[in-house]
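Numbering (the working numbering), first residue to last: 361 to 697.
Printed below as a string of structure tokens:
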């Protein structure tokens, strides 16, 4: 990995992070403690856009990071950038607690100012019975369904920041209700929208997101193709990404042999508070839908929504989704003829 680090930069404090590799091979990302500390500045910018200013300090717990995995690295620490306020990462998997109820008591005892996680862990958090109300919730790492965002806002009576982020580049953009898109966060990150041949597309046209620069001086990006797709337009508050869809576009064939983009599927399922799902079209045109156990109560309604989009009579089987990390949301064994 040192081959990607600029000559002359000392590597004595270099640290490594691992990407999930959902669009290719997992990548070891070189970084530095100063880069890791920089995340806070961009998260504060995203929260400030929602009217939230973090104020926790000495004696407080500033941030609680929640995971919901079979195995998860957990720790307690202090944040010198917030007056040595507490910082904890916990795993909500009940197997890691003496009793499942201890999770809720722990949240109430620590009373964190900000709770962060991904849609899977935040959906589990919303199911716990605790009284504490954080000043804000922050979702990162995976796409957050609009219905789940609304559910979290209602459950915790606070704003929910949705961050488009990746290990390779850090926080890239944050959702804005006023604009209906993701406003860019980093002043040193140049964002382009590329066509399949690599040429830059004009504002408003949809293509693959590519990144140059960034705040990680151990991994200078040059037109790094993310595998995510959107259009880029300028707003009064800066550039913003619209119609953001993670991973390459996939088309699904209906029972009448019409082709539908995965964006149509996303829109059809947007009203459901799904924490995570994966949809695959098989070679015989049938569909396999994978849902988290906590979302299985929505199974019938989601299947009906897919039938409304792709036609009644399409065969849909539902299976459990048990992945601990990101999944490729849309896949197909079919090729357009």
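Ideal Cβ placement from N, Cα and C applies to all residues, glycine included.
Give the DSSP-derived three-state secondary structure of residue i in the structure shown.
i	result
residue 507	helix
residue 430	coil
residue 446	strand
residue 437	strand
residue 654	helix
residue 466	helix
residue 586	strand
residue 516	helix
residue 627	helix
residue 666	helix
residue 522	strand
residue 707	In the structure as shown, the chain begins at 361 and stops at 697. Residue 707 is therefore absent and cannot be evaluated.
residue 693	coil
residue 622	helix
residue 364	helix
residue 563	coil
residue 531	strand
residue 456	helix
residue 661	helix
residue 377	strand
residue 502	coil
residue 578	coil
residue 616	coil
residue 545	coil
residue 369	coil
residue 672	coil
residue 422	strand
residue 647	strand
Between which two residues does the alpha helix (DSSP H) holding residue i run?
i	result
residue 402	393-408
residue 484	479-486
Measuring alpha carbon to alpha carbon, tell me which residue in the options is nearest residue i.
i	options	result
residue 463	431, 563, 487	487
residue 497	517, 434, 550, 503	517
residue 400	388, 390, 411, 422	422
residue 542	556, 522, 680, 560	522
residue 476	520, 437, 507, 461	520
residue 447	470, 403, 692, 641	470
residue 611	605, 622, 604, 603	622
residue 540	594, 438, 679, 677	594
residue 590	583, 582, 605	605
residue 474	586, 412, 552, 502	412
residue 657	645, 678, 515	678
residue 420	445, 643, 660	445
residue 417	370, 424, 439, 425	439
residue 528	512, 586, 369, 614	586
residue 689	415, 481, 666, 502	502
residue 644	561, 694, 650, 628	694
residue 661	642, 682, 628, 646	628
What is the residue span of the beta strand (DSSP E) that residue i lies within?
i	result
residue 568	566-573
residue 496	496-499
residue 413	No beta strand (DSSP E) holds residue 413; DSSP gives it neither H nor E.
residue 599	598-605
residue 553	549-554
residue 679	676-680
Using a Cβ-Cβ cut-off of 7 Å (strictly less than) and excluding sequence neighbours within five positions of residue i, which residues of its own chain qualify?
i	result
residue 390	361, 364, 365, 374, 376, 578, 579
residue 441	397, 400
residue 492	467, 468, 471
residue 483	508, 635, 654
residue 697	With a pLDDT of 39 at residue 697, under the threshold of 50, the modelled position of this residue cannot be trusted, and the question is left open.
Please list, in chain order, all residues of the same chain as residue i whose beta carbon is under 6 Å from its beta carbon, the five residues on each side excluded.
i	result
residue 535	522, 542
residue 531	402, 523, 525, 545
residue 588	569, 606
residue 640	648, 691
residue 506	630
residue 504	479, 522
residue 673	615
Skipping 5 residues on each side, what residues in its chain have a beta carbon closer than 8 Å to that of residue i?
i	result
residue 454	460, 463
residue 583	552, 554, 558, 570, 571, 572
residue 406	498, 521, 523, 531, 534, 545
residue 410	496, 519, 521
Legend entry - the region 430-439 / the region 614-634 touching (three or more Cβ pairs under 8 Å): no
Legend entry - Contact the region 626-635 vs the region 594-602: 3+ CB pairs below 8 Å: no
Inset, instruction - Assess, as a yes-or-no matter, whether the region 568-581 is touched by the region 538-556 under the definition of 3 or more beta carbon pairs within less than 8 Å. - result: yes
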